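*Asks:* Note that my numbering gives residue 113 to position 102 of the sequence shown, counting from 1, and the numbers run on in steps of one.
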Amino acid sequence: MQILADNLAGVRSRIADACSRSGRRPEDVTLVAVTKTVSVEIARHLYELGIRDFAENRPQSLWEKQPQLPPDVRWHMIGHLQTNKLRRTLPLFSILHSLDRWSLATALDAELQRIGRRLPVAIEVNLTEEEAKHGFSRTEVIEIYPRLMQISAFDVQGLMTMARQEDDIQRCRPTFAALRELREDLVRQHPGGPKLAMLSMGMSGDFEVAIEEGATHIRVGSALFEGIGA
Ligand SMILES: *Cc1c(COP(=O)(O)O)cnc(C)c1O
């Protein structure tokens, strides 16, 4: 598993460089390993290399992997969560990055009340307005945020977005900056509300720019698993 260790070292050094360029501390950026393309065995190796934050984008993958990794793993759900899979999936993850629609909020609220739990969530914002992407538009977030704040089963920690895929990653910068500015607007408009400290943005191809724009959580898959196979 030397390749995995090398890939991880490479990602960590890219994080360190982006932090030093932007006057940030590497410990303020959480590397979330997205294991959707690899087996449980490879995820376990990554655990052995010290990673504790893991993410999946499909409920079924959480059902498979969560029971097979040690219990101190923090699982992040980062994909579209169907409401008919809530009951089975909710016990398996610690935080939801992809609160992407109002109907999910109400279904989650009901289930969280039933089991007596609070859930850390980030609101997914579709800033590039691509059809294939989930999430609220900027306008929708501003409109719906006061209602999300009222849901006592939620601990609203911040915002999540995905940039458009670009050959020149500098072109992702305006999207990441827009998420940070949206956070600032929401906090200013609701002074007694959540601080929204969490900005989940940046993937293998663009996380340096996301870090420079304030990402606290980067979601990285392919850069960790290059050259490994499943
Ligand atoms: C797959 C995925 C990632 C990781 O993408 P890579 O380009 O492989 O790093 C990040 N976020 C979400 C929501 C994903 O589905």
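Using N, Cα and C, we set each Cβ at its ideal position, and we do this for glycine too.
Keep in mind it's a predicted model, so treat the numbers as computed, not measured.
Where L107 and L15 are concerned, what is the direct C-alpha to C-alpha distance, given to the nearest angstrom?
*Replies:* Using only the alpha carbons, I get a separation of about 26 Å.
*Asks:* Might you give, ordered along the chain, the residues of its own chain that have their beta carbon closer than 7 Å to the beta carbon of L138, omitting 5 neighbours on each side?
*Replies:* Excluding residues within five positions, the ones whose Cβ falls inside 7 Å are R149, T172, T186, A189 and L190.
*Asks:* Flag N18 as yes when its Cβ comes closer than 8 Å to any non-hydrogen atom of ligand 1, and as no otherwise.
*Replies:* Result no, Cβ not under 8 Å from ligand 1.
*Asks:* Provide the residue span of the alpha helix (DSSP H) that contains E52, from first to last.
*Replies:* First-last of the alpha helix (DSSP H) with E52: V51 to E59.
*Asks:* Buried or exposed: which applies to K76, given that a residue is buried once 16 or more other Cβ atoms fall within 10 Å of its Cβ?
*Replies:* With 16 or more Cβ atoms within 10 Å of its Cβ, K76 is classed as buried.
*Asks:* Do you know how far the Cα of R112 is from the Cα of E140?
*Replies:* Roughly 15 Å between the two C-alpha positions.
*Asks:* Can you tell me whether G169 sits near ligand 1, meaning its C-beta is under 8 Å from at least one heavy atom of the ligand?
*Replies:* Checking the Cβ of G169 against ligand 1 gives no.
*Asks:* For T227, verify whether its CB is less than 8 Å away from any heavy atom of ligand 1.
*Replies:* No, since every heavy atom of ligand 1 falls outside the 8 Å radius drawn around the Cβ of T227.
*Asks:* Comparing the CB of V136 with every heavy atom of ligand 1, is any distance shorter than 8 Å?
*Replies:* Result no, Cβ not under 8 Å from ligand 1.
*Asks:* Which residue comes first and which comes last in the alpha helix (DSSP H) that contains L138?
*Replies:* L138 -> no alpha helix (DSSP H), and no H or E assigned at all.
*Asks:* How far does the beta strand (DSSP E) with S211 in it extend, from its first residue to its last?
*Replies:* Per DSSP, S211 belongs to the beta strand (DSSP E) from M209 to S211.
*Asks:* Taking the straight line between their C-alpha atoms, what separation do you get for G204 and T227?
*Replies:* C-alpha separation (whole angstroms): 19 Å.
*Asks:* Answer yes if the region 214-221 comes into contact with the region 193-201, meaning at least three C-beta pairs across the two stretches below 8 Å, and no otherwise.
*Replies:* They do not touch, by the three-pair rule.
*Asks:* Are V167 and A133 close, meaning C-beta to C-beta below 9 Å?
*Replies:* Yes. Within cutoff.
*Asks:* Might you give, ordered along the chain, the residues of its own chain that have their beta carbon closer than 8 Å to the beta carbon of R85, omitting 5 neighbours on each side?
*Replies:* Closer than 8 Å at the Cβ level, and outside the excluded window around R85, lie R63, D64, F65, S105 and I106.
*Asks:* Could you name the residues, in chain order, whose CB is less than 5 Å away from a heavy atom belonging to ligand 1?
*Replies:* Selection output, chain order preserved: V45, N68, I89, M214, S215, R230, V231, G232 and S233.
*Asks:* Is it true that the CB of P131 sits closer than 9 Å to the CB of K96?
*Replies:* No, Cβ-Cβ distance for K96 and P131 is not below 9 Å.
*Asks:* I'd like the list of long-range same chain contacts for A164, defined as Cβ closer than 8 Å, with 5 residues on each side in sequence excluded.
*Replies:* Same-chain partners within the cutoff: L119, D120, L123, Q124, R128, R129 and L130.
*Asks:* Is it right to say I89 is buried, meaning 16 or more other beta carbons lie within 10 angstroms of its own, or is it exposed?
*Replies:* Buried, since its Cβ has 16 or more Cβ neighbours within 10 Å.
*Asks:* Taking just the CA atoms, how far does F236 sit from R194?
*Replies:* When rounded, the distance between both Cα atoms is 32 Å.
*Asks:* How should T100 be labelled, buried or exposed, when 16 other C-beta atoms within 10 angstroms of its C-beta is the threshold for buried?
*Replies:* T100 comes out buried.
*Asks:* Out of curiosity, what's the CA-to-CA distance linking T41 and L210?
*Replies:* One C-alpha to the other measures close to 10 Å.
*Asks:* What's the gap between the Cα of S33 and the Cα of I126?
*Replies:* Straight-line Cα distance between these residues: approximately 42 Å.
*Asks:* Do you know how far the Cα of Q176 is from the Cα of D28?
*Replies:* Spanning the two alpha carbons is a distance of roughly 22 Å.
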